[in-house]
Amino acid sequence: MFEAPVTASSLAASIDAAAHEIQSRVIAWRRDFHANPELGNREFRTAGIVAEHLKKLGLDEVRTGVAHTGVVGLLKGALPGPVVALRADMDALPVAEEVDLPFASKVKAQWNGESVGVMHACGHDAHVAILMGVAEVLAGLRGQLRGSVKFLFQPAEELPPEGEDGGAKMMIAEGAMEKPVPQAVFGLHVTSRLPLGVLGYRPGPAMASADSFSIKVDGRQTHGAMPWFGVDPIVTAAQLVLGLQTVVSRQVDLTREPAVVTIGMIKGGVRQNIIPDSVEMRGTIRTFDEEMRDDVHERVTSISEGIARSARATCTVCINKNYPVTVNDPALTEAMAPTLERVAGADKVQVVQKVMGSEDFSFFQRVVPGLFFFLGVVPEDKDPKDVAPNHSPRFFIDEKSLVVGVRALANVACDFLEARRAAR
1 MFEAPVTASS
11 LAASIDAAAH
21 EIQSRVIAWR
31 RDFHANPELG
41 NREFRTAGIV
51 AEHLKKLGLD
61 EVRTGVAHTG
71 VVGLLKGALP
81 GPVVALRADM
91 DALPVAEEVD
101 LPFASKVKAQ
111 WNGESVGVMH
121 ACGHDAHVAI
131 LMGVAEVLAG
141 LRGQLRGSVK
151 FLFQPAEELP
161 PEGEDGGAKM
171 MIAEGAMEKP
181 VPQAVFGLHV
191 TSRLPLGVLG
201 YRPGPAMASA
211 DSFSIKVDGR
221 QTHGAMPWFG
231 VDPIVTAAQL
241 VLGLQTVVSR
251 QVDLTREPAV
261 VTIGMIKGGV
271 RQNIIPDSVE
281 MRGTIRTFDE
291 EMRDDVHERV
301 TSISEGIARS
311 ARATCTVCIN
321 KNYPVTVNDP
331 ALTEAMAPTL
341 ERVAGADKVQ
351 VVQKVMGSED
361 FSFFQRVVPG
371 LFFFLGVVPE
381 DKDPKDVAPN
391 HSPRFFIDEK
401 SLVVGVRALA
411 NVACDFLEAR
421 RAAR
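Letter by letter, the sequence shown follows residues 1 to 424 of the numbering used here.
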């Protein structure tokens, strides 16, 4: 389906020149979004700025309100050709910023019933600014553009608020990947795990599936001094925490794919001398294989129920499948790797290790072949091992990386369009 390697499109030099010309504007957009972050399904201001920008560029179609706040734009080139999609996520995280910047976030909002600080602690502000830059670059080259480019500005990648739908899955359900259907989809993610300007990619499974689970352990309340009169759900929960660790360490074949089962929250009891009726536990499951994913789910359930039963307690296990495995189409990845090398330089492109983090870009990859790659944003005088990771209140982006992101997405789009056109 994809011939490797593709060659540089006829627009490569023009793309690079135009990207450098608008570099200061991309940085300004990013700073504005960083100072005004919005949580999932609440990206009203961000979406409004994006939609206005796309309309001013004269895109053929600009659709708003997709999956609540998503924006979908379509740029039709003057020359016939296929369709490619580019995606950026727009939402911030419920994190209070601790970076000393003149444009640091001071925003607070409500998230699942709590007042929280809000910060672009995962770099989605950079993603939006980069894709706005790509749209401006390619709109300026419309007369030479072969085919069409669909721009997907997506809300709620970090999960919508409890009780709401959202994100890539909802955008797809509302037709974001239709009329026209793209032949491929590309996206990038800034990362504090790679040096400035380095592009990282991986064919096949690249990021883990993400599933959340809750376990409610029900015992029988009694005085803490007389535990034999009740059933202790706290001790049972403690046994569950240890028992669940054997799923990965003793029950799945880790030579096949890695996996993680983590308990991140335990809540139970109101007083030191009262054994409560129940304990609630919440956690996450990460896998890279769908069969293994289902197997881990079954083992988490059976171990939990077995341990609870042995303690004369009961438990209810609820597992929610959130995001599938992010799988980069191997042939597409091989075909586009030379483009990444040309953009960043061969010495600044790496095949990276699998990432236990997850991405709902994976839903787009279930519709059409896709490639999701990483852009290093660590300052040149820092070692990635020593800086704060994504999702930290101290997460920091060296903005010199942004122009690399613009060039990378614009070039992979145009190289793909011309290669696909030539292959017909």
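Ideal placement from N, C-alpha and C gives every residue a C-beta, glycine not left out.
Keep in mind that this is a model prediction, so the values were computed, not measured.
With a CB to CB cut of under 6 Å and the five nearest residues on each side skipped, what residues in its chain are close to residue i?
i	result
Glu280	Lys216 and Lys267
Val343	Arg407, Ala408 and Asn411
Cys414	Ser9 and Leu11
Phe229	Thr222
Val261	Leu244, Val247, Val248 and Ile285
Gly425	Summary: the structure shown does not reach residue 425, with the chain confined to residues 1 through 424, and so no result is reported for it.
Ala19	Val137, Val403, Val406 and Arg407
Gly370	Val185 and Phe364
Could you give the DSSP three-state label for residue i: helix, strand or coil?
i	result
Ile397	coil
Met171	helix
Met132	helix
Pro379	coil
Asn411	helix
Glu257	coil
Leu93	strand
Met177	coil
Ser278	strand
Gly471	One cannot answer for residue 471 here, as it falls past the ends of the chain, which runs 1 to 424.
Phe361	helix
Leu159	coil
Ala110	Correcting the residue identity first, residue 110 is Gln in this sequence and not Ala. The answer is strand: DSSP assigns Gln110 an E or B state.
Val252	coil
Lys354	coil
Ala184	strand
Arg312	coil
Let me know if residue i comes out buried or exposed under the rule of 16 or more other beta-carbons within 10 Å of its beta-carbon.
i	result
Phe416	buried
Val324	Residue identity check: residue 324 is Pro in the sequence provided, not Val. Answer is buried; the Cβ neighbour count reaches 16.
Met265	exposed
Arg420	buried
Gly283	buried
Lys55	exposed
Gly77	buried
Pro276	buried
Gly175	exposed
His34	buried
Gly81	buried
Gln251	exposed
Asn273	exposed
Arg312	exposed
Cutting at 7 Å between CB atoms, please list the residues of its own chain near residue i, excluding the five before and the five after it.
i	result
Ala308	Val217, Thr236, Thr314 and Cys315
Pro384	Ser192, Arg193, Leu194, Pro195 and Val378
Leu39	Asp91, Ala92, Pro94, Ala109, Trp111 and Val118
Judging by CA-CA distance, which residue of the options is the nearest neighbour of residue i?
i	options	result
Asn112	Pro161, Gly133, Leu141 and His68	Pro161
Pro203	Phe372, Glu418, Met132 and Met171	Phe372
Thr287	Val83, Leu254, Glu97 and Leu402	Leu254
Asn41	Ala47, Thr64, Thr69 and Asp32	Thr69
Tyr201	Lys348, Glu43, Val6 and Leu402	Lys348
Phe396	Val403, Cys122, Val107 and Glu158	Cys122
Glu418	Arg146, Ala88 and Val116	Arg146
His127	Met170, Leu188 and Val95	Leu188
Met119	Ser401, Asn390 and Pro182	Asn390
Ala388	Glu97, Ser358 and Thr339	Glu97
Thr46	Asp89, Ile22, Gly81 and Glu21	Asp89
Ala346	Gln353, Val352, Lys354 and Ala337	Ala337
Glu61	Ile130, Pro82 and Ala139	Ala139
Leu131	Ser302, Val190, Ala335 and Ser362	Val190
Opposite residue i in the DSSP bridges: which residues?
i	result
Thr191	Gly376
Ala210	Arg286 and Tyr323
Met119	Leu93
Ser148	Lys76 and Val83
Thr222	Ile275
Pro205	Val327
Gln154	Asp89
Met336	Per DSSP, none; premise fails for Met336.
CB-CB under 8 Å to residue i, same chain, minus the five flanking residues each way: which ones, in chain order?
i	result
Gln144	Ser10, Leu11, Ser14, Gly77, Ala78 and Leu79
Does residue i have its Cβ less than 8 Å from a Cβ in chain C?
i	result
Val26	Note that chain C does not occur in the displayed structure, where there is just one protein chain.
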